[in-house]
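Each residue of the sequence shown is one higher than the one before, counting from 84 in the numbering used here.
Just so it is clear, CB atoms sit at the ideal spot from N, CA and C, and this is done for glycine as well.
Scroll down for the structure; my scribbles are underneath it.
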Amino acid sequence: MVLENIELDVNYVRSQFPAFKDPLSKDWSFFENAGGSYVPKNVINKLTEFMTSTKVQPYAEYSMSKIAGQNMDMATKLFAEMINAKKNEILIGGSTSINLYVLSNALKKYISSGDEVIVTNQDHEANISPWRRLQENGAKIIEWKFNPENHELEIDELRKLITKKTKILAVTHCSNIIGSVNDLKKISDIAHKHNIIVIGDGVSFAPHGFPNVKELGVDFYTFSLYKTYGPHIALLYGKEEILKDLPNQNHEFLKNNYPYTINPGGPNHEELSSLIGVYDYFNNLYNHHFDNNKLAILSKVKKINQLISIHEENIANPILEYLDEREDLILFGKNKIKNKNRAPTISFIGKNKSAKQISSELVSLKIATRNDNFYAWRCLKALGVDVNDGVVRISIVHYNNKNEVKKLLNALNTI
Ligand SMILES: Cc1ncc(COP(=O)(O)O)c(C=O)c1O
């Protein structure tokens, strides 16, 4: 993938993130991005602005309140544009786990006794347990298992699982352990032929480039904004035609006000408002690299996504290659990223040392990482990994640079 010979200017990128200069974090090579990313100064500024000038109840006529409301609406509108959704197709909630829980509660209305719900064993538990819970409403749970040889979810397997009774399919866009990107477009096309509602978990995908939800074709899509350079909140997208028919879970008088009907309560005002800063950061990133400022934000996002993918591929592939070659380590998932078929979320274990031991030794060498099951315990079990010790996970985003990768490889050599 060559993009007008333009490369991501990582020095510029890093200059936007105060954490790289902060005394507490500046000496660390930060590889725990899949847990939560750093935030650019635009987000911090928007948050501070809201808390300083507009920390009042929004949507009244006095100026502080009016501006608070305008900023909240603006943040929602901008994020909708970035992912190609309509403003009333977006719900901001406390976390992806909460968003999926309230969604599954609302989708109960489509489940009758004996209906089938497909979940995977590659997902984070957030996109499994709310759907498994539909058993209480009479649903039969069918598990789409990944191939134990290559760790991939195979679409031919899915085809075998679909029946006339299948109503819901919950599948991750990208595994937070294996890193593989699943073809949600193809999966949605197959599912829709059988009138199945598809819920895609984009938490491990979105930090590497905001998705175009209409192109993906999914009915619902979710990601955690605290992993996409924002504060600790999460976004749920839902197709308007489905959203508007879901039962009201909010106050009775709000019954026609979708998407606010899904969540019993509103969003965190200051954090929602600070999402304007995420937009500003990406817009600045575009302007720093490209000339045509007249493009729609969706087209800008597409170009930035390509820059990010090339950079991530360049810095992550040497790590994958290194881990794959080490006889004493076991790497999970593909050993090379090609055309964004894998995220740079890299998990491995040792043959002679526990994941805890490896992670502690890396931390002692100023590599910020951790061992865990990362709530993907079904995935770890299927991989034959001890869920208490977990895997060591190295997760990269576009602000990581070659120097940090060098330090990581040196540290891996040392231990
Ligand atoms: C792939 C994936 N899905 C869902 C979640 C849950 O997100 P949240 O912490 O916003 O509930 C995570 C969190 O790490 C994740 O990695």
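Handout entry: Residue interval of the beta strand (DSSP E) (run including K307)
Key = The amino acid at residue 307 is misidentified as Lys; the sequence shows Ser. That run of the beta strand (DSSP E) goes 303-307.
Problem - Candidates E408, D239, M157, I398, of which the one nearest L91 by Cα - result: I398
Exercise for the section: Leaving out five residues on either side along the sequence, give the residues of the same chain with a beta carbon under 8 Å from the beta carbon of M134. Expected result: Only residues of its own chain outside the window of five on either side were considered, and among them E353 have a CB closer than 8 Å to the CB of M134, listed in chain order.
Handout entry: Within 8 Å, strictly: CB atoms of L406 and F431
Key = yes
Exercise for the section: Evaluate L326 with the Cβ neighbour count: other Cβ atoms within 10 Å of its Cβ, from every protein chain shown; 16 or more gives buried, anything less gives exposed. Expected result: buried
Exercise for the section: Kindly indicate which three-state DSSP category W111 falls into: helix, strand or coil? Expected result: coil
Practice task
Give me the Cα-Cα distance between N424 and E144, rounded to the nearest whole angstrom.
Solution key: 50 Å
Handout entry: Own chain, CB closer than 7 Å to M147, minus 5 neighbours either side, in chain order
Key = S136, T137, V139
Problem - C-alpha distance - P106 paired with L267, whole-angstrom precision - result: Approximately 41 Å between the Cα atoms of the pair.
Exercise for the section: Output yes or no for whether 8 Å exceeds the beta carbon distance between L445 and I498. Expected result: yes
Problem - Distance CB(L381)-CB(I175) smaller than 8 Å - result: no
Practice task
For N454, write down the residues that DSSP places opposite it in a beta bridge.
Solution key: V475
Handout entry: Residue interval of the beta strand (DSSP E) (run including L217)
Key = Here L217 belongs to no beta strand (DSSP E), and DSSP marks it neither H nor E.
Problem - Helix, strand or coil at G177 [DSSP, three-state] - result: Note: G177 maps to coil in three-state DSSP.
Problem - First and last residue of the uninterrupted alpha helix (DSSP H) at V488 - result: 485-497
Practice task
Kindly list the residues whose CB is nearer than 6 Å to the CB of K490, restricted to its own chain and excluding five residues on each side of it in sequence; keep chain order.
Solution key: Excluding the 5 residues flanking it on each side, K490 has same chain C-beta neighbours closer than 6 Å at S112, in chain order.
Handout entry: Beta-carbon spacing of G473, N456 below 8 Å
Key = yes
Exercise for the section: Output the residues surrounding ligand 1, defined as those with a CB atom closer than 5 Å to any ligand heavy atom, in chain order. Expected result: Counting only beta-carbon distances shorter than 5 Å to the non-hydrogen atoms of ligand 1, the qualifying residues in chain order are S178, T179, S180, H207, A209, N259, D284, V286, S287, S307, A317.
Exercise for the section: Give the DSSP-derived three-state secondary structure of N278 in the structure shown. Expected result: coil
Exercise for the section: Measure the C-alpha to C-alpha separation of P290 and F162 and round it to an integer number of angstroms. Expected result: Cα to Cα, the separation comes out at about 14 Å.
Exercise for the section: Starting from the Cα of W214, find the closest Cα among Y193, N233, N375 and give me that residue. Expected result: Y193
Practice task
Indicate the three-state DSSP secondary structure (helix, strand or coil) for I420 in the structure shown.
Solution key: coil
Handout entry: CB-CB length for E395 against H256, believed under 8 Å
Key = 16 Å between Cβ atoms; not a contact.
Practice task
Would you kindly check if the distance between the Cβ of T452 and the Cβ of A117 is under 8 Å?
Solution key: no
Handout entry: For S437 and K464, the rounded distance between their alpha carbons
Key = 16 Å
Problem - Runs of beta strand (DSSP E) wholly within the region 303-381 (minimum 3 residues, chain order) - result: Within the region 303-381, the complete beta strand (DSSP E) runs of at least 3 residues are 303-307, 317-321.
Practice task
Entirely within the region 424-451 and at least 4 residues each: give me those alpha helix (DSSP H) ranges in chain order.
Solution key: 438-447
Practice task
Taking 8 Å as the cut-off, decide whether the C-beta atoms of N182 and T305 are in contact.
Solution key: yes
Practice task
Report the partner residues of V254 according to the DSSP bridge assignment.
Solution key: G283
Exercise for the section: Starting from the Cα of L319, find the closest Cα among D328, H371, V296 and give me that residue. Expected result: Answer by Cα proximity: V296.
Problem - Cβ shell of I89 (< 8 Å), same chain only, five flanking positions each side left out - result: Apart from sequence neighbours up to five positions away, the residues of its chain that approach I89 with a beta-carbon distance below 8 Å are H372, F373, L390, ordered along the chain.
Handout entry: Three-way DSSP call (helix, strand, coil) for I518 in this model
Key = The requested residue 518 is not part of the displayed model; the chain covers only 84 to 498.
Exercise for the section: Inspect the beta-carbon positions of A426 and V200 and report whether they are closer than 8 Å. Expected result: no
Exercise for the section: May I ask whether a heavy atom of ligand 2 can be found less than 7 Å away from the beta carbon of I359? Expected result: Only ligand 1 can be found as ligands here, which leaves ligand 2 out of the picture.
Exercise for the section: Output the distance between the C-alpha atoms of D328 and E164, rounded to the nearest integer angstrom. Expected result: When rounded, the separation of the alpha-carbon atoms in D328 and E164 is 23 Å.
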